[in-house]
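Asker: The structure that follows is given in the form of structure tokens.
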């Protein structure tokens with residue numbers, strides 16, 4: 023079960039991960055993940071994490087702090103709004119190259135963003151692709167990501183097949 027959950031989370035991260043190109047979904051870029059410099063999280067991000075849950079207000083505040091931090095460093099993100107409860111945005115390549123993206127994301131938003139995305143996996147793009155695929159196969163999709171994954175397996179389907187169908 024843990025391996026299945028890890029696979030689902032990895033797939034979720036892949037589909038909701040951040041890119042350096044405009045219009046890409048949010049999440050840590052490879053440059054952010056590979057950052058060698060330790061980033062200290064802000065007091066605000068720490069406070070948002072203290073109770074173990076991230077509220078929508080805390081998620082929004084973290085996103086605003088991230089955007090403001092990049093803006094103070096001279097960079098503007100491409101904000102594509104919210105899709106499936108997750109902010110969609112693009113980061114300028116220069117912000118990644120300068121390290122400001124990793125610094126701002128890590129300090130202001132990263133842990134809040136990760137916790138929020140995991141808590142909202144049932145409304146994620148991945149969940150929608152699986153639900154649409156099951157519907158196309160004549161199966162009434164259930165509501166949680168774990169149930170959707172089980173339904174895929176029970177019906178001999180894979181996420182890769184669903185993604186190729188266009189979800």
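Numbering (our numbering), first residue to last: 23 to 189. Yeah, the Cβ is synthetic: ideal placement off N, Cα and C, and Gly gets one too.
1) Would you kindly work out how many angstroms separate the C-alpha atoms of residue 102 and residue 158, rounded to a whole number?
2) Find out if the Cβ-Cβ distance for the pair residue 122, residue 95 is shorter than 8 Å.
3) Within the same chain, show all residues whose beta-carbon is closer than 8 Å to that of residue 165, passing over the 5 residues directly before and after it, in chain order.
4) Note the first and the last residue of the continuous beta strand (DSSP E) segment covering residue 151.
5) To the nearest whole angstrom, what separates the beta carbons of residue 105 and residue 147, a pair I think is in contact under 8 Å?
6) Whose CA, out of 178, 161, 97, 108, lies closest to the CA of residue 132?
7) How is residue 104 classed by DSSP in three states: helix, strand or coil?
Answerer: Reading it off the structure:
1) Here residue 102 corresponds to residue number 80 of the chain shown, with the count starting at 1. Here residue 158 corresponds to residue number 136 of the chain shown, with the count starting at 1. Distance from the CA atom of residue 102 to the CA atom of residue 158, rounded to whole angstroms, is 29 Å.
2) Here residue 122 refers to the residue found at position 100 when the chain shown is read from its first residue. Here residue 95 refers to the residue found at position 73 when the chain shown is read from its first residue. In contact: residue 122 and residue 95 (Cβ atoms closer than 8 Å).
3) Numbered from 1 along the chain shown, position 143 holds the residue referred to as residue 165. Here the set comprises 144.
4) Sequence index remark: in the chain shown, residue 151 carries index 129 (1-based). Looking at the DSSP string, residue 151 is not in any beta strand (DSSP E); the run it does join, the alpha helix (DSSP H), is 147–158.
5) By 1-based counting over the chain shown, the position of residue 105 is 83. By 1-based counting over the chain shown, the position of residue 147 is 125. 7 Å between Cβ atoms; contact.
6) The sequence position of residue 132 within the chain shown is 110, counting from 1. Nearest C-alpha to residue 132: 108.
7) As a working mapping, residue 104 is identified with position 82 in the chain shown. Correct three-state label for residue 104: strand.
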